[in-house]
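S.K.:
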Amino acid sequence: MRISIHLIWLSLFIASCSISLPSFIHNPAVNALDSTQVFPQNNSLLQLKRPTETAVPSITPTRTTSPSPIPTTLTPTSTSTSTPLPPFNLCSPLDVHSLEDLEKITSDPYNPPAPGKDFRHHGIDFSHYTFGDFKTIQGIGVQTILPGIVASSIGGSFPFGNMVIVETPYEYLPAQMSKELQINPLESLYTLYAHMEETLMVTLGEQVLACSQIGTVGRSGNAGIFHLHLETRVGKQGAQFPVMGYYLDENTAEEKEFYLLWRTSGEFRHFDPMLVLDRRWVPNGK
Ligand SMILES: [Zn+2]
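Numbering follows the working numbering, in which position 202 of the sequence shown is assigned residue number 209; successive positions increment by one, without gaps.
1) Along the chain, where does the alpha helix (DSSP H) that runs through Q183 open and close?
2) Contact between the stretch 170 to 180 and the stretch 147 to 158 is defined here as three or more beta-carbon pairs at a separation below 8 Å; is this criterion met?
3) Give me whichever residues DSSP pairs with L196 in a beta bridge.
4) Assess contact between the stretch 220 to 229 and the stretch 271 to 279, defined as three or more Cβ pairs (one per stretch) separated by less than 8 Å. Is contact present?
5) On the CB-based measure, 16 or more other CB atoms within 10 Å of its CB, does Q54 come out buried or exposed?
6) So is E257 buried or exposed if we call it buried at 16+ other beta carbons inside 10 Å?
7) Please tell me whether, using a cut-off of 7 Å, the distance from the CB of D115 to the nearest non-hydrogen atom of ligand 1 is below it.
8) Would you say the beta carbon of H128 is closer than 7 Å to some non-hydrogen atom of ligand 1?
9) Roughly how far, in whole angstroms, is the beta-carbon of L216 from the beta-carbon of I172, given that I think they are within contact range, below 8 Å?
10) Where does D296 sit, in a helix, a strand or coil, going by DSSP?
11) Using a threshold of 7 Å, is the CB atom of D132 nearer than that to any non-hydrogen atom of ligand 1?
12) Considering only residues of the same chain and omitting the five flanking positions on each side of I147, which have a CB-CB separation below 6 Å?
13) Could you give the first and the last residue of the continuous alpha helix (DSSP H) run that contains A260?
Below you can see the structure in the form of structure tokens.
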């Protein structure tokens, strides 16, 4: 009897989570930045005004309705009931270049801005004109670095061009990686791949393994040369970004909201992708 009461409580808890997530997904409701602030229509990424203190709660109106505090002892059992977790694996984002090669082809390292700012580099760029047998990076296969769920697949956005975001939930990651990257239960690691060539190979909501090809290296969006721009962030589980865009006259309010939610809201905190792209997580990997 005592066990069944726990199960009922757990079911209610899970149900309440699944109810609250979609409203977060579909209503980022960024109480956006000062609409009077003018952004030039060129390629420079400017510093964005940090959202005000009063604006922050409106970004995640469901937060206060979440059950809290969350009993930490329940977290492991809630993930092991139904669908099996995908095997953990880690891959280079470029299918012909190994994890060890990445440092040699880093053309623009992680150069994080102050919190709430858009400028300068939230991610890392990989590019080369010639490397080994390869005379260009254009067209080289872009693949997922971790298993997960496609949280965004957008063609022709700006500044990211053809882009994909993959969510890797906490439960998919080794405990030591979550600990070092400060990823907590009910959070996920999100990876963004930008500036790909025209063809996108995955759709929103699709499950992917590590090393799944999602596109090829291009220079779509705000990119002067062929390169892969990669961002890694930590945020609440279950987020999706169906549209995203900024800096162009034609960008809609919804595109801007999702862009700011990703980039400057603080809800998705960025960190150096090279902390993930480390051979020590897959000592026996290829
Ligand atoms: Zn970049």
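We put the CB at the ideal spot given by N, CA and C, even for glycine.
M.R.: So, from the listed chains and residues:
1) Locating residue 183 in the sequence shown gives position 176, counting from the first residue. That run of the alpha helix (DSSP H) goes 182 to 188.
2) The stretch 170 to 180 is in contact with the stretch 147 to 158.
3) Translated into positions along the sequence shown, residue 196 becomes position 189. Its beta-bridge partners are T175, V241.
4) Segments in contact, no.
5) For the purposes of this step, residue 54 is taken as residue 47 along the sequence shown, with counting starting at 1. Confidence at Q54 is low in this model, with a pLDDT of 37, below 50, so its placement is unreliable and the value that follows should be read with caution. It is exposed - the Cβ of Q54 has fewer than 16 other Cβ atoms within 10 Å.
6) Working through the sequence shown from its first residue, we reach residue 257 at position 250. Exposed, by the Cβ-count rule.
7) For the purposes of this step, residue 115 is taken as residue 108 along the sequence shown, with counting starting at 1. Between ligand 1 and D115, a heavy atom-to-CB distance of less than 7 Å is present.
8) In the sequence shown, counting from the first residue as 1, residue 128 sits at position 121. Indeed, a heavy atom of ligand 1 lies less than 7 Å from the Cβ.
9) Here residue 216 is taken as the residue at index 209 of the sequence shown, counted from 1. Here residue 172 is taken as the residue at index 165 of the sequence shown, counted from 1. The pair is not a contact, with the Cβ atoms about 16 Å apart (cut-off 8 Å).
10) Given a span of 8 to 293 for the chain in the structure shown, any question on residue 296 remains unanswerable.
11) As a position in the sequence shown, residue 132 is number 125, starting the count at 1. Yes.
12) As a first step, residue 147 must be located in the sequence shown, where it is residue number 140. The residues are L101, V103, V224.
13) Residue 260 sits at position 253 when you count from the first residue of the sequence shown. Going by DSSP, A260 is part of the alpha helix (DSSP H) stretching over 260 to 270.
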